[in-house]
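In our numbering, the protein residues as written are 4 to 279.
Just so it is clear, CB atoms sit at the ideal spot from N, CA and C, and this is done for glycine as well.
Keep in mind it's a predicted model, so treat the numbers as computed, not measured.
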Ligand code: NAP
């Protein structure tokens, strides 16, 4: 019996057991994937004890991603870029971590708009939180020549841009409508548009018809931004696919099978999101 889990505090909102449970059943693997509430301050001890507890590894979610990063012996470049890990396993007594949000975002974009890199000369990323840092890293890793960051608190966007002065620009949040004209890919990484949050109040009239619009918010499945972009004929990319794809590297590492993100899995999770 192979065991893995997701750690957080609290853990009631965590959807990853639905994804991993679906794959365990689909591939007929004798394994479990549970939610474990780990108190802040106890993260490093829990992770150091993974092997002794009989756990192959774990996902890490809010608020533990940075503490987990600090506890790793080795991390991938995406984790370094974000300063956080969400996927952990052990190898020869060493703790290894990665940030699979980067992979998840890129795979979801690849699925919906194959070959997008060839047509994106300028990406505009809204937000400058943890998700934005990973997405900016992912876009640069695929060769996007110019990324503009706009955030309500400009200092956070400027801090990310300072690390890549030749490729990352910043944009004043209030002037966003005027800045949309030259954008090939618009990505919302803020929590605006999420159920319970205000909508992203950004007119899309100046966006060129060929622009791709992506939103990583997935509750609701179709945000107001995605609905408005789709109504204008833009190619759109919803956030749930990113959540599904970010789960792949952990499952492959722990359970030994690289799982597929299928429409049946999408529907399984979508039904849960719709129910909330
Ligand atoms: P975070 O680090 O807390 O960052 C939140 C971002 O939203 C910040 O840029 C913040 O701006 C901005 N924001 C919040 N309220 C705002 C408002 N009223 N007006 C303008 N900007 C506002 O969170 P995160 O981890 O990056 O996650 C951001 C969103 O992405 C969440 O909705 C999360 O559920 C979603 N997400 C989805 C996936 C997926 O797999 N699809 C993965 C990760 C995250 P300030 O800096 O000014 O506060």
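Taken in chain order, the unbroken stretches of alpha helix (DSSP H) that lie wholly in the region 137-214 and span 4 residues or more are 157-165 and 179-182. Residue burial is scored here from C-beta neighbours: residue 43 has fewer than 16 other C-beta atoms within 10 angstroms and is therefore classed as exposed. In this structure, residue 179 places its C-beta atom within 8 Å of the C-beta atom of residue 205.
Collapsing the DSSP output to three states places residue 59 in a strand.
Its chain contains no residue whose beta carbon lies nearer than 7 Å to that of residue 158 once the 5 sequence neighbours on both sides are disregarded. Note that the region 208-215 touches the region 170-186; at least 3 beta-carbon pairs, one per stretch, sit closer than 8 Å. Inter-residue distance for residue 188 and residue 4 is about 44 Å (C-alpha atoms, whole angstroms).
With at least 16 other beta carbons inside 10 angstroms of its own, residue 99 counts as buried. Residue 169 and residue 69 have their alpha carbons spaced roughly 27 Å apart. Residue pairing for residue 218: DSSP places it in a beta bridge opposite 191. It is roughly 30 Å from the alpha-carbon of residue 201 to the alpha-carbon of residue 38. When secondary structure is reduced to three states using DSSP, residue 65 falls in the coil class, being assigned neither helix nor strand.
Pairing residue 245 with residue 111 gives a Cβ-Cβ distance under 8 Å.
Selection around the ligand NAP by beta-carbon proximity, strictly under 6 Å to any non-hydrogen atom, yields 104, 107, 130, 131, 132, 133, 134, 135, 154, 155, 156, 159, 192, 193, 194, 195, 197, 201, 219, 220, 221, 242, 245, 246 and 249 in chain order. Note on geometry: alpha-carbon atoms of residue 86 and residue 50 lie some 17 Å from one another.
By the beta-carbon neighbour count (other beta carbons within 10 angstroms, threshold 16), residue 11 is buried.
Of the residues assessed, residue 146 falls on the exposed side of the cut-off, its CB having fewer than 16 other CB atoms within 10 angstroms.
At least 8 Å separates the beta-carbon of residue 136 from that of residue 171. Linking residue 128 to residue 154 through their CA atoms gives a straight-line distance of about 9 Å.
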